[in-house]
Amino acid sequence: MSDPARLHARDLVIRRGATPIVEEIRSGEIVGLAGLDGHGQERFLETLAGLQKPLAGAVSLERNGTETRITDFRKAVAAHVAYLPRDRRATGIFPTQSVLDNFAISTVSEDARFGFISAGQRARRYEVYRDRLSIAAPRPDAAITTLSGGNQQKVLLARALALKPGVLLLNDPTRGVDVATRHVLYDVFRDLARDGMALVVLSSEIEEILLLCHRVLVFRDHDIVANLQGPAMTTDAVIAAMFGRAA
Amino acid sequence: MTKAFLQTLQGLRRDTGFALVLLVILLVVNLILNPARFQPSAWGSLIGLAAPLIGAAVASAPVILGGRGGIDISVGPLMGFVNAIVIQLLFLKAGISSPFGIIPAALLIGAAIGAINGALTTLVRIQPIVATLGTYLVLTGVTLTILPAPIGPAPGWLKALAGPWSALPLIALFAAWWTIRRLPYYDQLMAIGSDDRAAYTAGVDVTRVRFIAYVITGVFAAVAGLMLTALIGSADPNIGQAYTLISIAAVALGGVSLAGGRGGLVGASIGAIDIFLLQSVLTAFNVSTYVLQIAYGAILVAAVILTAVQERAARSREV
Amino acid sequence: MSVVETGRTGEARSSLALRIRSGLAGTNGRILMAFLIAGVLHLVGTLAISGYSSPFAIRALLVIAALLAVASIGQTLVVILGGIDLSIPFIIGFANVVAAQLYGDKWNFALVCLFVIVVAMLIGALNGYISRRLDIHPLIVTLGIGMIVQGAVLLWTKGFPSGSAPPYVSAFVSIGGSAGPLPFPWVVPALAVLATLIVLVLARTPYGRRLYALGSNPGAATLALIDPVRMWMLTFSLSAMFAAVTGILLLGFTGSAYGDVGQPYLFQTIAAVVVGGAALVGGRGSYLGTIAGVLVLTEINTLLIGLGFQPAAVQASLGAVIILLVSIYGRERHVSMTI
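Pasting the structure below:
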């Protein structure tokens with residue numbers, strides 16, 4: 016997308032008594048987060064996005080040799096870190112609003128000319144992502160709730176990508192999405208990584224992580240208990256780490 | 014024993030926010046300023062004076078507890094409507110003076126209006142505030158049509174309900190609510206108040222439970238209307254509306270969440286008593302009604318802010 | 009729900025009947041229907057009452073409607089946001105009395121307006137801040153703040169406000185006035201311009217789109233870079249601003265200051281917004297709809313008074329009509345449809 020960016024977690028403590036996390040997410044890689052529900056992977060992801068305050072340590076984004084500390088969500092977005100939430104209905108879509116509105120809301124000022132939104136400009140911006148993500152919305156001015164779950168998710172992804180992020184944090188991005196759309200999304204994620212974006216994918220499905228990610232961080236009790244990549248990344252190894260057994 | 018009592022008190026304080034603290038303070042101030050008014054011998058008329066507001070607040074609470082924007086702004090006009098019907102139609106025109114004629118008739122009117130509100134909000138599914146705004150206007154208009162000007166008097170027994178027997182209707186209200194609280198219905202009401210989707214999925218008939226809440230509100234409002242009639246000892250077409258907003262304020266003051274599912278009728282009545290005592294203090298200071306109004310508003314805003322801040326603090330401690 | 013229906017039928021089949029039905033249920037359908045009802049009411053009035061469509065009657069109707077329309081701007085914005093503003097009548101009264109008093113004290117009237125509007129906006133911002141920041145229902149907050157404002161005004165004027173508006177304000181809203189060659193006072197064309205502006209702001213500015221989004225799903229707003237507290241403060245201060253403008257216009261309309269002049273607007277603004285098709289749950293509504301609602305309310309009022317109804321009966325019928333209209337096109341979803 017743009018200049019390569021690196022996201023640093025420096026001695027990050029997300030739960031009292033947990034081991035400080037030192038982690039670096041580099042441009043072009045897709046990092047998976049795995050773990051049993053509530054074992055810290057979601058909190059870690061939200062801390063990276065600036066949505067949660069760490070108990071100690073810091074998150075920062077390195078770009079062109081300068082480093083920006085991420086202390087809240089707006090700083091994260093300003094540093095080109097985008098976040099796709101997990102619960103589409105509760106924290107994602109605006110149900111009474113159109114597909115276009117839902118796409119453009121985070122970047123709504125970009126289409127404004129002298130304070131008023133240019134419909135043409137907004138439609139052109141949308142079309143870029145519609146083609147790239149193959150969003151099937153016959154009428155972009157219809158309410159987003161007329162779309163299938165998968166297409167709603169694509170619109171939300173388009174909303175996040177419109178922020179032109181260097182780092183994309185995805186919280187269970189294929190939850191409630193049909194198989195065909197999943198594979199479209201996987202291809203999109205891989206393309207984005209190839210173009211130099213850094214992606215972090217939290218998923219509740221190990222197969223998905225193995226299929227998509229270059230490496231996986233496994234969480235247990237708010238600690239990273241395994242950092243697997245290459246041939247070491249197997250279902251058995253991930254499950255063993257999740258449950259704290261020897262593989 | 015003492016510990017259990019203290020815990021109950023602590024629980025009540027948590028549920029009612031600052032209303033209970035305010036109640037104690039106001040009571041002490043009142044006792045100092047105006048001991049004569051709070052003599053045991055004056056309790057009858059004192060309670061009678063406070064009763065309509067307490068009744069209105071208690072009546073407003075059930076639909077609010079039911080959540081999803083549940084509110085009944087027609088409570089005040091319904092009180093006025095009952096007042097007009099009881100005196101003008103039943104007592105003066107039809108010559109019915111027996112409590113056994115008047116009380117059932119009043120309760121029936123309350124239940125009927127409550128059922129109309131309930132049907133409009135749960136079956137026709139109109140926004141509660143809009144539906145009850147409609148009944149607010151209809152009731153106000155009809156009341157003025159059947160009773161263009163104040164008229165009296167009221168039957169003697171009814172006036173006694175604002176004097177020596179003033180506690181009776183309040184006791185009846187609380188006994189009714191005490192009974193409801195022991196029914197499975199109460200749990201269902203609180204469940205739909207906090208999360209109607211979850212309650213619906215769990216098999217609760219959300220429509221029926223909300224409908225009944227409006228009927229309860231209507232019946233309670235009719236009782237409040239009788240208390241109002243007892244207090245003024247006559248019929249006045251313009252007196253009911255004033256109770257609507259102040260009773261909702263009392264409910265909020267008493268720690269009942271307007272989002273539903275939290276609070277209770279004890280809290281609502283404590284809120285109402287607060288407002289009554291506040292009025293009493295300020296009257297003792299001989300301040301103008303303007304200052305009284307500022308004080309109402311300020312206490313209301315301050316109390317809901319303090320309650321919200323306290324809740325926030327409690328929540329952040331839990332995390 | 010309605011919007012969904014429109015979409016589905018658009019995709020599925022183009023049966024005319026279905027289209028009409030879903031169109032009527034849709035947002036635009038509701039507005040259209042409210043305008044139609046206003047038209048029908050006017051027709052009924054013209055047929056039933058002689059002089060109902062006389063130039064003077066129409067002027068009066070337009071001016072009264074224009075005043076309600078200005079007062080309802082704020083309620084529309086606040087309702088789209090998912091709130092409600094009960095402080096409007098109190099702010100109207102505040103602006104009405106304070107403007108008259110200060111003008112009577114020989115203040116420059118432009119300065120008077122500026123002062124009144126700025127104070128009103130600060131009060132509005134406080135309403136929005138307390139409601140959103142502390143998550144307290146705006147019904148309670150605006151009621152409490154409104155009571156304080158009214159009490160303070162009464163205290164200041166000792167209950168007997170005095171003063172009046174400069175003649176050009178009276179001419180601006182006078183039923184007998186004229187806007188150049190046009191047969192009605194300037195308030196009517198001014199409202200038309202203002203309404204166009206409001207519709208444009210809602211449809212085509214970042215503020216408007218954020219307003220709908222925030223009302224539609226507050227839980228998703230922060231992640232979409234919408235600052236809820238800021239939006240609530242801004243919107244409630246706009247609501248107070250238009251209430252203050254209404255108060256000043258009413259001063260010109262009635263000629264003298266009166267603290268309770270705003271009271272009828274408490275429920276009328278809500279009714280206009282609702283009859284215009286907005287849901288009080290947020291994310292839906294439009295100012296065009298509110299204008300339609302204002303016309304419906306004004307027509308009903310005028311018609312019933314013209315038919316010789318007593319004020320009490322007018323009020324009762326108004327209540328019944330609101331219920332009737334909203335039950336036709338303002339129904340909510342059943343809880344089972346929200347899962």
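Protein chains in written order, with my numbering: chain X, 16 to 262; chain W, 14 to 332; chain C, 9 to 347. All C-beta atoms in this analysis are idealised placements derived from N, C-alpha and C, irrespective of residue type, glycine included.
Pop quiz: residue i and residue j are said to be a contact at Cβ under 8 Å. What is the actual Cβ separation, rounded to whole angstroms?
i, j, result
"Ala248 (chain W)", "Pro177 (chain W)", "With a Cβ gap of about 22 Å, Ala248 (chain W) and Pro177 (chain W) do not count as contacting."
"Ser245 (chain C)", "Ala107 (chain C)", "About 18 Å separates the two Cβ atoms, so there is no contact after all."
"His237 (chain X)", "Ile29 (chain X)", "6 Å"
"Ser264 (chain C)", "Ser172 (chain C)", "6 Å"
"Ala175 (chain W)", "Leu244 (chain W)", "4 Å"
"Gln306 (chain W)", "Gln109 (chain C)", "Incorrect: roughly 18 Å between the Cβ atoms, too far for contact."
Span of the alpha helix (DSSP H) holding residue i?
i, result
"His11 (chain X)", "Since the first residue shown for chain X is 16 and the last is 262, residue 11 (chain X) is missing from the structure and cannot be characterised."
"Arg137 (chain X)", "Ala134 to Leu148"
"Arg25 (chain X)", "Looking at the DSSP string, Arg25 (chain X) is not in any alpha helix (DSSP H); the run it does join, the beta strand (DSSP E), is Ala20 to Val28."
"Phe64 (chain C)", "Pro63 to Ile88"
"Tyr215 (chain C)", "Pro214 to Ser224"
"Phe234 (chain X)", "Note, Phe234 (chain X): premise wrong, no alpha helix (DSSP H); beta strand (DSSP E) at Arg230 to Arg235."
"Val182 (chain X)", "Unbroken run through Val182 (chain X) is the beta strand (DSSP E), Val182 to Asn186; no alpha helix (DSSP H)."
"Arg140 (chain C)", "Phe117 to Arg141"
"Glu222 (chain X)", "Ile221 to Leu227"
Contact criterion: CB-CB distance below 7 Å. Does residue i meet it with respect to chain X?
i, result
"Asn36 (chain C)", "no"
"Val224 (chain C)", "The sequence shown places Ser at residue 224 (chain C), not Val. True, the Cβ-Cβ gap to chain X drops below 7 Å."
"Leu246 (chain C)", "no"
"Ser10 (chain C)", "Bear in mind that a pLDDT of 38 at Ser10 (chain C), under 50, signals an unreliable position, so the number given afterwards is only what the model happens to contain. No - not a single Cβ of chain X is within 7 Å of the one on Ser10 (chain C)."
"Leu231 (chain C)", "yes"
"Pro97 (chain C)", "no"
Can the beta-carbon of residue i be found less than 7 Å from the beta-carbon of residue j?
i, j, result
"Val105 (chain C)", "Thr165 (chain C)", "yes"
"Ala70 (chain W)", "Val264 (chain W)", "yes"
"Ala32 (chain W)", "Asp208 (chain W)", "no"
"Gly268 (chain W)", "Gly274 (chain W)", "no"
"Leu271 (chain W)", "Ile129 (chain W)", "no"
"Leu217 (chain X)", "Gln56 (chain X)", "yes"
"Leu76 (chain X)", "Thr83 (chain X)", "yes"
"Gly154 (chain W)", "Gln276 (chain C)", "no"
"Arg101 (chain X)", "Asp193 (chain X)", "no"
"Val151 (chain W)", "Ala119 (chain W)", "no"
"Met240 (chain W)", "Pro168 (chain W)", "no"
Applying the criterion that 16 or more other CB atoms from any shown protein chain within 10 Å of the CB defines a buried residue, is residue i buried or exposed?
i, result
"Thr14 (chain C)", "Confidence at Thr14 (chain C) is low in this model, with a pLDDT of 40, below 50, so the placement of that residue is unreliable and no value is reported for it."
"Thr196 (chain X)", "buried"
"Thr257 (chain W)", "buried"
"Met155 (chain C)", "buried"
"His198 (chain X)", "exposed"
"Phe59 (chain X)", "buried"
"Val143 (chain X)", "exposed"
"Tyr176 (chain C)", "exposed"
"Gly101 (chain C)", "buried"
"Ser22 (chain C)", "Low local confidence applies: a pLDDT of 45 at Ser22 (chain C) is under 50, so the model's placement there is unreliable, with the coordinate-based value given in what follows. Exposed is the call here."
"Leu202 (chain W)", "buried"
"Val12 (chain C)", "At Val12 (chain C) the pLDDT is 39, less than 50, meaning the model places this residue with poor confidence and gives no usable figure here."
"Ser186 (chain C)", "exposed"
"Glu19 (chain C)", "With a pLDDT of 39 at Glu19 (chain C), under the threshold of 50, the predicted position of this residue should be treated as unreliable, and no value is reported."
"Phe64 (chain C)", "exposed"
"Ala215 (chain W)", "exposed"
"Ser344 (chain C)", "exposed"
Quick check on the DSSP output: the beta strand (DSSP E) that includes residue i runs from which residue to which?
i, result
"Gly47 (chain X)", "Ile45 to Gly50"
"Glu61 (chain X)", "Here Glu61 (chain X) belongs to no beta strand (DSSP E); instead the alpha helix (DSSP H) covers Gln56 to Leu63."
"Arg78 (chain X)", "Ala71 to Arg78"
"Ala97 (chain X)", "Val96 to Leu99"
"Thr83 (chain X)", "Thr81 to Ile85"
"Asn242 (chain X)", "Asp238 to Gln244"
Is the shortest distance between the beta-carbon of residue i and the beta-carbons of chain C less than 7 Å?
i, result
"Phe109 (chain X)", "yes"
"Arg223 (chain W)", "no"
"Val123 (chain X)", "yes"
"Thr106 (chain X)", "yes"
Within the 7 Å Cβ cut-off, does residue i reach chain B?
i, result
"Gly130 (chain X)", "Given the protein chain composition of this structure (X, W and C), no chain B is represented."
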